[in-house]
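K.L.:
Just so we're aligned, residue 1 is where the sequence shown starts under the working numbering, counting upward by one. All residues carry an ideal CB built from backbone N, CA and C; glycine is no exception. Every value quoted in this text rests on a predicted model; they were computed, and no experiment measured them.
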Amino acid sequence: MALSVNWRLVYFLSIGLRFVFALSNSYIHPDEHFQSLEVLSGRILGYSSAVPWEFGQSAARSLAPLYLLYGPVLYFVKFTGIDLSPMQIWYVLRLQNMIIGWIITDKVLYAVLPTKPERIKAVFFTLTSYVTLVYQSHLFSNSIETWALLVSVMIIDNLRYISELDDVQLQQVDQSQPLFWLGVVVSLGTFNRVTFPAFLVIPAWFVLQYLWAHKKAVLYVGLGFVLLTAGCILFDTVAFGNDPWSYDFVVAPWNNLVYNSNYSNLAHHGIHPLYNHLLVNLPQIVGPGLLFVAWRLRNKYWKTLPFLSGASGLVILSLVPHQELRFLVPILPLVCCCSTPRSSLVSGLIYLWYAFNTVMAVIMGVYHQGGVVPVLDHFHTQYKSGLQNTIQVWWRTYTPPTWILGDDRSSLQIVSGLNYTMDVSKSNYVFDTMGSPVEEVKKLLGQLSTSGKKVYLITPVASFNLNFNQQSYNQTYSYDTHLDMDHLDFSDWQSLTPGLGVYELL
1 MALSVNWRLV YFLSIGLRFV FALSNSYIHP DEHFQSLEVL SGRILGYSSA VPWEFGQSAA
61 RSLAPLYLLY GPVLYFVKFT GIDLSPMQIW YVLRLQNMII GWIITDKVLY AVLPTKPERI
121 KAVFFTLTSY VTLVYQSHLF SNSIETWALL VSVMIIDNLR YISELDDVQL QQVDQSQPLF
181 WLGVVVSLGT FNRVTFPAFL VIPAWFVLQY LWAHKKAVLY VGLGFVLLTA GCILFDTVAF
241 GNDPWSYDFV VAPWNNLVYN SNYSNLAHHG IHPLYNHLLV NLPQIVGPGL LFVAWRLRNK
301 YWKTLPFLSG ASGLVILSLV PHQELRFLVP ILPLVCCCST PRSSLVSGLI YLWYAFNTVM
361 AVIMGVYHQG GVVPVLDHFH TQYKSGLQNT IQVWWRTYTP PTWILGDDRS SLQIVSGLNY
421 TMDVSKSNYV FDTMGSPVEE VKKLLGQLST SGKKVYLITP VASFNLNFNQ QSYNQTYSYD
481 THLDMDHLDF SDWQSLTPGL GVYELL
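#1: Just how far apart, CA to CA, sit S449 and E38?
#2: With burial defined as no fewer than 16 other Cβ atoms inside 10 Å of the residue's Cβ, what is the status of A2: buried or exposed?
#3: From D423, S416 and M485, pick the residue whose C-alpha is nearest to that of V51; which is it?
#4: Is the region 403-413 in contact with the region 107-117, if contact means three or more CB pairs nearer than 8 Å?
#5: Could you pull the start and end residues of the beta strand (DSSP E) that G501 belongs to?
#6: Tell me which residue opens and which closes the alpha helix (DSSP H) that Y351 is part of.
#7: Assign E145 to one of two classes, buried (16 or more other C-beta atoms within 10 Å of its C-beta) or exposed (fewer than that).
#8: Helix, strand or coil: which one does DSSP assign to Y383?
#9: Taking only the alpha-carbon atoms, compute the straight-line gap between W353 and G287 and give it to the nearest angstrom.
#10: I'd like to check one pair, L278 with L314: are the Cβ atoms closer than 8 Å?
#11: With DSSP collapsed to three states, give me the class of V39.
#12: T397: beta carbon under 7 Å from a heavy atom of the ligand ADP?
#13: Kindly indicate which three-state DSSP category W394 falls into: helix, strand or coil?
#14: For L412, which three-state DSSP category applies?
#15: So D432 is in the beta strand (DSSP E); what residue range does that whole segment cover?
#16: Kindly indicate which three-state DSSP category A2 falls into: helix, strand or coil?
#17: Which of the three DSSP states, helix, strand or coil, is assigned to I458?
#18: Is the region 375-382 in contact with the region 42-56, if contact means three or more CB pairs nearer than 8 Å?
#19: Given this structure, state the Cα-to-Cα distance separating Q209 from S163, to the nearest angstrom.
#20: Helix, strand or coil for L274 per DSSP?
#21: Would you decide whether Y351 is buried or exposed? Buried here means 16 or more other CB atoms lie within 10 Å of its CB.
#22: V77 and L93 - do their beta-carbons sit closer together than 8 Å?
#23: With DSSP collapsed to three states, give me the class of N474.
#24: Give me the DSSP bridge partner(s) of H573.
#25: By Cβ distance below 8 Å, which residues in the same chain neighbour F180 in space, the five residues on each side in sequence not counted?
#26: Which word fits Q413, buried or exposed, when buried means at least 16 other C-beta atoms lie within 10 angstroms of its C-beta?
#27: Quick check on the DSSP output: the alpha helix (DSSP H) that includes E440 runs from which residue to which?
#28: Using alpha carbons as the reference points, say which of L466, N357 and P333 lies closest to I104.
#29: Given L228, which residues of its chain have a CB within under 7 Å of its CB, disregarding the five upstream and five downstream residues?
#30: Taking the alpha helix (DSSP H) that R8 belongs to, which residues open and close that run?
#31: Grab the span of the alpha helix (DSSP H) containing M87 for me, first residue to last.
#32: Helix, strand or coil, according to DSSP, for A198 in the structure here?
#33: Identify which residue in Q447, E440 and L405 has its Cα closest to the Cα of T421.
#34: Please state the DSSP three-state secondary structure of A60.
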């Protein structure tokens, strides 16, 4: 493998970086909390949390995959009474995700690719990508989707190999177990994210070819799919409080599909041009790696199952007008199977690959909203030490995942926006003012100052310095590795000042 520096050194360095970024505090997108532990921590540990609409009466997201993946650790904490802070639980589950992803990715890439150089190349590029180092350890449903997709590709690739090879003995080898597990994985992937089948539309052709030649095999794949589907439906029905005996079943993927089929619903989350995935998101995920793929395509790599699976997902997801970058996270290891650094021109670009992924890993894995969780952990520690009757006002940050506060006494009221009615039975309050106009935030702070409680403004250091009178506040805590990338103003260098501060209103 013609890499311009010692690739073994880079590879082993990236292994250590996996642990570093798994224990970093960056906050990439609210869904990594609000579609995972913000939901489960309230159900299992009794924490006060803000349950998103998908897990409310709408029942548009399945709880089954969350309980399957994160439930064991939370129940272990609950029943053993082990003294772990919410932030430490978060770290444990981040490490769990990192290790699961590591095992599955390496196993699948070694199974799918035919030669040792191809395997080393794919594993190298996958492991040194910032998407693997950062995104795959965060508690995204996209991480689970990646694992399910890789396992599906591995099984389907084997079925394709058997179908296309003229070997009678191989054709007669029992494939009942792989087919059963394919059904299970496809069901799990669909209940995790309803868009999961998009990555398997083209690969499904090879499954159909195999099933046409081995008609009894339909029973095995169907059994696996039906069993897990029935189990997830029954679990969700009970978990969401419905009565299965009255046949009031909860089919979360269907509810999600119905919701997202409505254009006006998607508009609440953001409408993007149909080319957004291809021209904006894919280059952000793969970076210079696209050049490696373009070079490889002339060698008919486009016929391989990893490429066909990635293309299937890219094309179908591009037909949906709501297109976020993380929706393409599962494509990364597939793309790395289709890259090559062999030509002298492409080999020279390996430095761009290193530079791109280093910069993106530091930004997204360390600085991006990196102070939100540590500040919440700071208040958790203060609450345990006896601090009560507080009001937190968050401005210009991502929505604070309040489960990190670890309030198991129902003493916390969570307010989203500027309109509120304070629940006097609560002793602590969290206001998420998002990106509200500064004058409206100052007005809110003025109103809250008469409540007789300690009022804290939590905002990026740059935003505080540019908008507030420092003499009216006392900075009680700060976290330096935080960057608010939504309010950068390159004409004013003060807006680039990193850090998240906690300011007590005097």
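P.N.:
The short version:
#1: Going from the Cα of S449 to the Cα of E38 covers about 29 Å.
#2: Because the pLDDT of A2 is 48, which lies under 50, any placement of that residue in the model is unreliable, and the number read from its coordinates should be weighed accordingly. Classification for A2: exposed.
#3: Of D423, S416 and M485, the residue nearest in Cα terms is S416.
#4: At 8 Å Cβ cutoff, the stretches do not touch.
#5: L500 to L505 is the extent of the beta strand (DSSP E) around G501.
#6: If you look at Y351, you'll find it in the alpha helix (DSSP H) that goes I350 to V362.
#7: With 16 or more Cβ atoms within 10 Å of its Cβ, E145 is classed as buried.
#8: DSSP places Y383 in helix when its eight states are reduced to three.
#9: When rounded, the distance between both Cα atoms is 7 Å.
#10: Yes; because the gap between Cβ atoms is below 8 Å, this pair is in contact.
#11: If DSSP states are grouped into helix, strand and coil, V39 belongs with the helices.
#12: The model on display carries no ligand, and the ligand ADP is accordingly not part of it.
#13: Three-state result, W394: strand.
#14: Strand.
#15: Its beta strand (DSSP E) spans residues N428 to D432.
#16: With a pLDDT of only 48 at A2, under 50, the local geometry of the prediction cannot be trusted, and the value read off the model is given with reservation. Taken through DSSP and simplified to helix, strand or coil, A2 comes out as coil.
#17: Under the three-state reduction of DSSP output, I458 falls in the strand class.
#18: The count of Cβ pairs closer than 8 Å, one atom from the region 375-382 and one from the region 42-56, stays below three, leaving the stretches out of contact.
#19: C-alpha separation (whole angstroms): 7 Å.
#20: Here L274 sits in coil by DSSP.
#21: Classified as exposed, Y351 has fewer than 16 neighbouring CB atoms from the shown chains inside 10 Å of its CB.
#22: V77 sits away from L93, with the two beta carbons spaced by 8 Å or more.
#23: DSSP places N474 in strand when its eight states are reduced to three.
#24: One cannot answer for residue 573 here, as it falls past the ends of the chain, which runs 1 to 506.
#25: Hits under 8 Å: Y220, V221, L223 and G224.
#26: Flag for Q413 reads buried.
#27: Taken as a continuous stretch (DSSP letters only), the alpha helix (DSSP H) holding E440 covers V438 to L448.
#28: Taking only the C-alpha atoms, the option nearest I104 is P333.
#29: These residues qualify, in order along the chain: V184, S187 and L188.
#30: Counting along the chain, the alpha helix (DSSP H) containing R8 begins and ends at W7 to A22.
#31: Note, M87: alpha helix (DSSP H), P86 to V112.
#32: In the three-state reduction of the DSSP assignment, A198 falls in the helix class, which pools H, G and I.
#33: Ranking the options by Cα distance to T421, first place goes to Q447.
#34: Coil, per DSSP.
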